[in-house]
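Mapping to our numbering: the sequence shown position 13 is 13, numbers consecutive. Note that the Cβ used here is the ideal one computed from N, Cα and C, for glycine as well. Just below is one structure, and these are the notes that go with it.
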Amino acid sequence: MIPYTLHRSKRSTIALYVRNGKVEVRAPRLAESSARQEQRGMFALNYGDMTLYGGQAYPIVAKPGNRVGFDGERFFLPPSLTAERIKSACVQIYRMLAKRDLTNKVLDFAKRMGVMPSAVKVNGAKTRWGSCSGQKSLNFSWRLILAEDDVVDYVVVHELAHITEMNHSGRFWAIVESLLPDYKERQQRLKTLQKKLSLEDWD
């Protein structure tokens with residue numbers, strides 16, 4: 001058993017820190033954590049519900065046939081699906097949209113920044129919007145495309161900047177700010193979306 005210090009505060013996740021050989025655990029308050037878990041457990045999607053894409057809400061509708069997709073006005077799915085299958089179908093659509101949208105954005109900003117990633121991949125990460133590997137491969141969570149378009153731009157620029165600076169130094173933030181002077185405001189909106197998603201069980 002490793003000794004540790006536990007701090008509870010108004011936060012949504014559990015974090016572990018090791019400093020000077022001492023372990024510190026930071027966790028949400030029990031009542032808040034319990035309520036959050038209960039709300040996550042109640043999350044469901046049905047025909048007629050609205051779901052986000054690009055910061056806007058669109059309806060989920062039944063459409064005869066076996067195809068799933070997004071036509072610019074609605075998420076369409078085959079009829080008679082269970083709530084669980086509706087959610088899975090929406091995730092499938094989000095992944096397709098994320099691969100298309102994020103690849104296009106990366107290529108656009110990469111040209112402007114004079115860098116080029118080795119790959120652009122989409123994953124199901126819950127708490128990490130994006131990452132850049134040492135091999136210059138960019139990974140993004142499909143959940144990112146629920147955010148407004150300019151917020152997505154921030155994450156794309158953030159990860160592309162890591163190709164030049166694999167850290168969060170002053171030089172790194174100077175690159176981000178040179179393209180997006182208002183990046184801090186976009187960060188705040190991303191945090192707001194993160195809180196919303198922490199109450200939704202998409203898996």
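Of A147, H158 and Y58, the smallest CA-CA separation from K191 is found for A147. In the displayed model, Y47 falls within coil according to three-state DSSP, outside both helix and strand. The bridge partners DSSP lists for T5 are E24. Using a Cβ-Cβ distance cut-off of 8 Å, the region 129-137 and the region 38-45 are not in contact, since fewer than three pairs of beta carbons, one from each stretch, lie closer than that value. Collapsing the DSSP output to three states places A174 in a helix. Sequence-distant Cβ neighbours of W142 in its own chain, meaning closer than 6 Å and more than five residues away, are Y94, R95, A98 and V122. Across the structure, A174 and F76 are spaced so that their CA atoms are roughly 42 Å apart. Counting of Cβ neighbours within 10 angstroms places V157 among the buried residues, the total reaching 16 or more. Unbroken alpha helix (DSSP H) runs of no fewer than 4 residues, entirely contained in the region 75-138, are found at 83-113, following chain order. Residue pairing of Q56 in beta bridges, as defined by DSSP: Y53.
By the Cβ criterion, the region 155-171 is in contact with the region 101-115, since at least three pairs of Cβ atoms, one from each stretch, lie closer than 8 Å.
In the DSSP secondary-structure assignment, S198 is not bridged to any residue. Taking a 10 Å sphere around the C-beta of R186, we find 16 or more other C-beta atoms and assign the residue as buried. With distances taken between CA atoms, G55 lies nearest to K196 out of Y47, W202 and K196. A straight line joining the alpha-carbon of D101 with that of V120 spans about 11 Å. Under the DSSP assignment, V156 falls in the alpha helix (DSSP H) whose first and last residues are D149 to T164.
Take the alpha-carbon of Y183 and the one of P64: they are about 43 Å apart. In the three-state scheme derived from DSSP, where H, G and I count as helix and E and B as strand, R29 is classed as coil. The region 21-29 and the region 4-11 touch, with three or more beta-carbon pairs separated by less than 8 Å. Rounded to whole angstroms, V91 and L179 show a C-alpha spacing of 31 Å.
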